[in-house]
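In this note's numbering, the protein residues as written are 1 to 329.
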């Protein structure tokens, strides 16, 4: 069962529920967030809340995508209250890509990335009720950096690279009492600047301050233990690069619960009404194969378990050469 948000042809917004090939509007729901808040207030799950409302008009999601009417599967009316964050070195094989990017300081010495990855292997899947080792964590921005499915991912003029990261994201709403509620899971493109990151791993924070896209649909319920997908770059309509990717806990060094704990353990991230989109990491990058995307290329990420494919073209923002000047009041 999948949820998505879209702009309606006659104006306004709607929420679509898809089971199998058929999708329909959820009556009385203009946003996933509102629907989730109603579910929390009623003490029931999001899928049950949507099902109780009956079936509205049928929706052609493929047509809505083609017309640019599909929104991210969850958003917030005030973009400052949507948080885009993520974790790295969480997937089996992810350390090899990062290790090759940074290189060991001396022969035989482990990089900090490899040390962090090994910590995850040894302590990233604790027993229920226990906290495991904390993962690498980063901030990507707020709702102003969230890009709808099909919309362009804009690389700033100062960026040294514009690369995809095919990931699964957890989507969350904080309840009235500060409890984080997981709404579901979605495909994500955790768009990053890998050349900047390669220059010095302490620039990772800079490299992650880029837009990100997720959706088009949100999977309700549990994430499968094993998720298979593919990531590709299209140039002039032809496949420039393509690789399979694996996700789900069977292919991860951390459990989802452990990653969630180490994000939401901070009271800052448990503010009632806020929305969180948390990317869980990947081991597959076109950058690792020496590929450099250019404006006009299209990133396409798909995994049948997560619904419809996520596509976003790449654009480059114009160069405003002058440094940012801060005004004094």
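Where is the CB? At the ideal position from N, CA and C, for every residue including glycine.
Point to revise | Backbone CA spacing between residue 120 and residue 8 [nearest angstrom] | key: 44 Å
Review point. Could you give the residue range of the alpha helix (DSSP H) that holds residue 308?
Key: Residue 308 -> no alpha helix (DSSP H), and no H or E assigned at all.
Practice item. List the DSSP bridge partners of residue 117. Key: Note: residue 117 sits in no beta bridge, so no partner.
Point to revise | Rounded straight-line distance, which links the Cα of residue 268 to that of residue 125 | key: 24 Å
Point to revise | Helix, strand or coil at residue 195 [DSSP, three-state] | key: helix
Exercise for review: Report buried or exposed for residue 202, applying the criterion of at least 16 other Cβ atoms within 10 angstroms of its Cβ.
Suggested key: exposed
Exercise for review: Would you be able to state if there are at least three C-beta pairs under 8 Å between the segment 140–154 and the segment 72–82?
Suggested key: yes
Review point. Secondary structure at residue 201, three-state DSSP: helix, strand or coil?
Key: helix
**Study point:** Counted within 10 angstroms of its Cβ, other Cβ atoms place residue 115 as buried (16 or more) or exposed
**Key:** exposed
Check your understanding: Rounded to a whole number of angstroms, what is the C-alpha to C-alpha distance between residue 132 and residue 153?
Key -> 34 Å
Point to revise | Residues bridged to residue 85 [DSSP beta-bridge criterion] | key: 139, 278
Review point. What residues in its chain sit with their C-beta under 6 Å from that of residue 314, if we drop five residues either side in the sequence?
Key: 153, 162, 293, 295, 297
Point to revise | Rounded separation between residue 195 and residue 285 - CA only | key: 12 Å
Point to revise | Beta-ladder partner(s) of residue 70, from DSSP | key: 6
Review point. Is the segment 201–216 touching the segment 245–264 in the sense that three or more CB pairs, one from each, lie closer than 8 Å?
Key: no
Check your understanding: Comparing alpha-carbon positions, which option in 11, 40, 4 lies nearest residue 26?
Key -> 4
**Study point:** Top-ranked residue by Cα proximity to residue 63, from 224, 6, 321, 176
**Key:** 6
Practice item. Go to residue 260, then tell me how far its alpha helix (DSSP H) extends in each direction, as first and last residue. Key: 256–264
Review point. Residue 157 by DSSP, collapsed to three states: which one?
Key: coil
Check your understanding: Within 10 angstroms of its Cβ, does residue 158 collect 16 or more other Cβ (buried), or is it exposed?
Key -> exposed
Practice item. Classify residue 317 as buried or exposed, calling it buried when 16 or more other Cβ atoms lie within 10 Å of its own Cβ. Key: exposed
Check your understanding: Taking Cβ positions, are residue 281 and residue 89 nearer each other than 8 Å?
Key -> yes
**Study point:** Nearest-angstrom Cα separation, counted from residue 218 out to residue 37
**Key:** 16 Å
Check your understanding: So what's residue 13 in DSSP terms, helix, strand or just coil?
Key -> strand
Practice item. May I have the straight-line CA-CA distance separating residue 53 from residue 112, to the nearest angstrom? Key: 51 Å
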